[in-house]
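From first to last, the protein sequence lines stand for chains A and B.
Just so it is clear: in the first sequence, position 205 is 1291 by the numbering used here, and no numbers are missing.
Just so it is clear: in the second sequence, position 191 is 216 by the numbering used here, and no numbers are missing.
Have a look at the structure below before the remarks.
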Amino acid sequence: MPGVPYKNCFGWIGLCVLAGASQAAEWDVQWEGNVQLQNRAYFHEPAPQQHTGPDYSYALTPQLKAGDPAGDVLLTGKLFYRKDFTDRARTHWDIRELKLDQNLGDTQITWGVDSVFWGKTESQNLVDIINQRDGVEGVFSDEKLGQPMVRLRQVSTRGVLEAYYLPYSRQATYAGRDGRLRTMPGIEGDRAQYRSGAGQWYPGFAVRWEPDMADVDLGLSVFHGLSRDPSFAPIRHDSEAWFAPVYSPVTQLGLDSQYVTEQTLYKLEAIYRTGQLDLALRERNYAAVTIGLEHTLGSFMGGSGDLGLILEYNRDGMGKRSINPLQDDIVLGARYTLNDSADTYLLATVALDRIYASQLYKIELTRRLGQSLKLTAEAFIPSLNDDQEFIYGYRRDAVVTTSLSYYW
Amino acid sequence: MLKHSLPFALTLVCVSHFAVAAAQDSKSEQGRLIAVAYDQSDAGFKDSRVNINMVLHNAAGESISRLLVLNTLEKNSADSGDNTLVVFSSPADVRGTALLNHPHIENADDQWLYLPSIKRVKRISTSNKSGPFVGSEFAFEDFTSQEVDKYSYEYLRAEDLGNTQVQVVSRIPRDANSGYSKQVVYFDIKNNQPVKIDFFDRKQALLKTLILSDYRQYQGFWRPNSQKMFNHQTGKSTDLLMSDYEFGVGFKATDFDSSALMRLR
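Next up, the structure:
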């Protein structure tokens, strides 16, 4: 289990505090959460050191919300635990949320651990830099680790202004020795190295401004702190080759925007970042962009569903040395929403890499069974042909992940 | 003015044509006035909040239920309708999911969806007004606010619907994206509220019937406590059962901004 010191006991203490607070009279308290069973079935045999056969795991996500009667204070706790029976590195805990939201009219203050989403595009969100990714949870997905913060949010008719203080940075999670869906050699997330004396306590700051405009959605952001995208240094561990993540302080300017018409959303995300380490562990100043559109065909083929077509292009100024797999990639996608009582939803995407001629296919199907169960099936099929590509180790890892979740 | 210089026969044709046109105008005007009376009966409500239990029945008799809160902020402008915010509390996997709608008379509505699991506010395309609202027999366009100028009207007749005296008005959506060719609305003479609506699809066939019942007055404003939509073509139906209507909640415009979705509790 990765050694983030505060996360185990404090989570439970926090939930107990919340439970205590919730006994105060008239507080509106909600216990929520879900439990999930998951299976990962692989199409091909793995590399020798990896586990052969399917992976089984389960996950728990208890959540407690307690609001005061006046609606000015909200306490939220949300914990996450996954037990993976194959990959010890994937068995992990996290505090997804543990926070106090104070509502002071047009100003809101958040103290504690929270998760933040910034961005507009579908293939990735370049500007989205507040939270570290919980990489073992999905396959190139955006599951996030809770981020400690103090956030000030000011809302007016002119727009929304947010300021963040981020005292501590989380370490990204990676599959372990037995696990699949990883690079070769693997990455040991808890042997991270830092290009700053303060390590994980290197303070982060961010400001975001979203002006209120009619047909254009715009977000402008500035961030300074540890990069959420580490580079990797070769290390030896038990006389095996591994990578250690290397984090460096970066400054990022971000722009995300969207132009809205009746059927089509035109999207753009762009960043300029200084101090980022590339795959050769050199500090780089670079720009990256995602541009594209999402076109919706309502009542597709005369049915009740909507078909959304996604076309995006990703370009990263570091090219082959980028830590981001989408260096020069076209992403095509189709999203079919059935608008039925089971909220059935199908999403298929492919990322076409123009540098390495590789392809990553993903298909995701979600539907509710009855009132409280949700079934999700996700297929990931990589086609990787160039051993120079950093994610070449995934080439045998075509997989179908099936998850059944019970919500209460 | 032309009439004086034209031959008698032509004059007669013109007059009769004008008479028919005038009669049609008056029927259309009469229908519109009833719709305006309905709209006026609601003027000045400012804002409201109501809990809704949405029960979806399929043709086999199975049903599932969705619980939601509908917040409404009255808008008194010529080009936009009342803002609505729907927040789901059940089924549990969509708890906290919210849908914000800013309707416009001429232009397409603005809509945002909030996904609490990833804390993302997502703009959504509004072209599919005729699509079902979360799997129910209500279309998006049935669920958003009904503004007078979204339709053209024709007065049909007065009749008795059970024990209720009603005026029957046909209304034709002006929006080419509407799923309906027309709607026939039965307004209660006593309080100007609709008690029944027949929806006709683009092929002029009867598609759905909505029965609005259990009207009660809250601070002077009439609201139905039950709405039942029956789909004649599929045999499926959806019931909306309202409870705890609240007026004068004190909502502000910023409570119906897209950024408000991130502040929902």
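Beta carbons are placed, not taken as given, at the ideal position from N, Cα and C, and that holds for glycine.
* **Straight-line gap, A:T1269 to A:G1479 (C-alpha atoms, nearest Å)** => Walking along the first sequence from the start, residue 1269 of chain A turns up at place 183. Walking along the first sequence from the start, residue 1479 of chain A turns up at place 393. Approximately 4 Å, taken between the alpha carbons.
* Sheet register partners of A:K1151 (DSSP bridge) -> As a position in the first sequence, residue 1151 of chain A is number 65, starting the count at 1. Note: A:K1151 sits in a beta bridge opposite A:Q1116, A:T1162.
* For A:F1171, which residues of its own chain have a beta-carbon under 6 Å away from its beta-carbon, when the five flanking residues on both sides are left out? -> Within the first sequence, numbered from 1, the residue matching residue 1171 of chain A stands at position 85. Counting only Cβ-Cβ distances below 6 Å, and skipping sequence neighbours, we find Y1142.
* Does A:S1427 come within less than 7 Å of chain B when only Cβ atoms are used? -> As a position in the first sequence, residue 1427 of chain A is number 341, starting the count at 1. Chain B contact via Cβ: present.
* Round the Cβ separation of A:N1217 and A:L1231 to the nearest angstrom and send it over; I've been treating them as touching at under 8 Å. => Locating residue 1217 of chain A in the first sequence gives position 131, counting from the first residue. Locating residue 1231 of chain A in the first sequence gives position 145, counting from the first residue. For A:N1217 against A:L1231, the beta-carbon gap comes to about 6 Å, under 8 Å, which counts as contact.
* To do: Mark A:W1494 as exposed unless 16 or more other C-beta atoms lie within 10 angstroms of its C-beta, in which case mark it buried.
  => Working through the first sequence from its first residue, we reach residue 1494 of chain A at position 408. Taking every protein chain shown into account, the CB of A:W1494 has fewer than 16 other CB atoms within 10 angstroms, so this residue is exposed.
* Asked: Should the region 1126 to 1138 of chain A be called in touch with the region 1188 to 1202 of chain A, which here means at least 3 C-beta pairs below 8 Å?
  -> No, the region 1126 to 1138 of chain A is not in contact with the region 1188 to 1202 of chain A.
* **For A:F1291, the three-state DSSP class (helix, strand or coil)** => Counting from 1 along the first sequence, the entry for residue 1291 of chain A is found at position 205. The three-state secondary structure of A:F1291, taken from DSSP, is strand.
* beta strand (DSSP E) segment containing B:D135, residue limits -> Residue mapping note: residue 135 of chain B aligns to position 110 of the second sequence, counting from 1. Per DSSP, B:D135 is one residue of the beta strand (DSSP E) stretching across 135 to 140.
* So, A:G1384 versus B:G106, is the Cβ gap smaller than 7 Å? -> In the first sequence, the residue the question calls residue 1384 of chain A occupies position 298. In the second sequence, the residue the question calls residue 106 of chain B occupies position 81. With respect to B:G106, A:G1384 sits apart: the two C-beta atoms are not nearer than 7 Å.
* Asked: What is the DSSP secondary structure of A:Q1286, reduced to helix, strand or coil?
  -> For the purposes of this step, residue 1286 of chain A is taken as the residue at position 200 of the first sequence. Three-state result, A:Q1286: helix.
* Thinking C-beta only, is A:A1374 closer than 7 Å to A:I1357? -> In the first sequence, the residue the question calls residue 1357 of chain A occupies position 271. In the first sequence, the residue the question calls residue 1374 of chain A occupies position 288. When the beta-carbon positions are compared, A:I1357 and A:A1374 come within less than 7 Å of each other.
* Asked: Hey, does B:D167 have any beta-carbon neighbour from chain A nearer than 7 Å?
  -> If you number the second sequence from 1, residue 167 of chain B lands on position 142. By the rule that beta-carbons nearer than 7 Å mark a contact, B:D167 does not touch chain A.
* Do B:G56 and B:V220 have their C-beta atoms within less than 7 Å of each other? -> For the purposes of this step, residue 56 of chain B is identified with residue 31 of the second sequence, where counting begins at 1. For the purposes of this step, residue 220 of chain B is identified with residue 195 of the second sequence, where counting begins at 1. The answer is no: Cβ separation not under 7 Å.
* To do: Can you give me the Cβ contacts of B:V146 inside the same chain, cut-off strictly under 6 Å, excluding the 5 residues immediately before and after it?
  => Here residue 146 of chain B refers to the residue found at position 121 when the second sequence is read from its first residue. Counting only Cβ-Cβ distances below 6 Å, and skipping sequence neighbours, we find W137, Y139, S283, L286.
* To do: Given a cut-off of 7 Å, decide if B:L92 and B:S114 are closer than it, judged by their beta-carbon atoms.
  => Taking the first residue of the second sequence as position 1, residue 114 of chain B is located at position 89. Taking the first residue of the second sequence as position 1, residue 92 of chain B is located at position 67. It is a contact, given that the beta carbons lie within the stated cut-off.
* Own chain, CB closer than 7 Å to B:K52, minus 5 neighbours either side, in chain order -> Indexing the second sequence from 1 puts residue 52 of chain B at position 27. Once the five neighbours on either side are set aside, the close Cβ partners of B:K52 are E179, Y180.
* Which bits of chain B does A:S1343 rub up against, with CB to CB less than 9 Å? -> Position 257 of the first sequence, counting from 1, holds the residue named residue 1343 of chain A. Neighbours of A:S1343 on chain B: none; closest Cβ ~11 Å, over 9 Å.
* Starting from the Cα of A:Q1457, find the closest Cα among A:Q1338, A:D1429, A:D1315, A:T1259 and give me that residue. => As a first step, residue 1457 of chain A must be located in the first sequence, where it is residue number 371. Answer by Cα proximity: A:D1429.
* Chain-ordered chain B contacts of A:D1402 [CB-CB under 8 Å] -> For this step, residue 1402 of chain A is matched to residue 316 along the first sequence. Residues of chain B with a Cβ closer than 8 Å to the Cβ of A:D1402 do not exist, since the nearest Cβ in that chain sits about 23 Å away.
* From A:D1324, A:S1343, A:F1309, residue whose alpha carbon lies closest to that of A:R1359 -> The sequence position of residue 1359 of chain A within the first sequence is 273, counting from 1. Checking every option, the nearest Cα to that of A:R1359 belongs to A:F1309.
* Output yes if chain A places a C-beta closer than 7 Å to the C-beta of B:K277; else output no. => Walking along the second sequence from the start, residue 277 of chain B turns up at place 252. So no, B:K277 is outside the interface.
* With contact counted as at least three CB pairs below 8 Å, one residue from each stretch, are the region 1327 to 1346 of chain A and the region 1289 to 1308 of chain A in contact? -> With a cut-off of 8 Å on Cβ pairs, the region 1327 to 1346 of chain A is in contact with the region 1289 to 1308 of chain A, counting three or more such pairs.
* Could you tell me the distance, in whole angstroms, from the CA atom of B:L289 to the CA atom of A:Y1250? => For the purposes of this step, residue 289 of chain B is identified with residue 264 of the second sequence, where counting begins at 1. For the purposes of this step, residue 1250 of chain A is identified with residue 164 of the first sequence, where counting begins at 1. Going from the Cα of B:L289 to the Cα of A:Y1250 covers about 20 Å.
* To do: Output the distance between the C-alpha atoms of B:F212 and A:G1191, rounded to the nearest integer angstrom.
  => Against the second sequence, residue 212 of chain B aligns to sequence position 187. Against the first sequence, residue 1191 of chain A aligns to sequence position 105. Using only the alpha carbons, I get a separation of about 42 Å.
* To do: Identify each residue in the region 237 to 268 of chain B for which the Cβ-Cβ distance to at least one residue of chain A is less than 8 Å, and report them in chain order.
  => Going along the region 237 to 268 of chain B in chain order, one finds no residue with a Cβ nearer than 8 Å to chain A.
* Asked: Based on the DSSP output, what are the partners of B:I149 in its beta bridges?
  -> Numbered from its first residue, the second sequence carries residue 149 of chain B at position 124. Its beta-bridge partners are B:Q136.
* Asked: So, using beta-carbon positions, are B:L95 and B:I89 closer together than 7 Å?
  -> Locating residue 95 of chain B in the second sequence gives position 70, counting from the first residue. Locating residue 89 of chain B in the second sequence gives position 64, counting from the first residue. Not closer than 7 Å, so no.
* Within the 7 Å Cβ cut-off, does B:P157 reach chain A? -> Position 132 of the second sequence, counting from 1, holds the residue named residue 157 of chain B. It does: the Cβ of B:P157 has a partner Cβ on chain A nearer than 7 Å.
* Asked: In whole angstroms, what is the alpha-carbon distance linking A:V1485 and A:L1397?
  -> In the first sequence, counting from the first residue as 1, residue 1485 of chain A sits at position 399. In the first sequence, counting from the first residue as 1, residue 1397 of chain A sits at position 311. Their Cα atoms are separated by approximately 24 Å.
* Cβ-based neighbour list, B:Q190, same chain, cut-off 6 Å, excluding 5 preceding and 5 following -> One-based indexing of the second sequence puts residue 190 of chain B at position 165. Result list for B:Q190: I214, in chain order.
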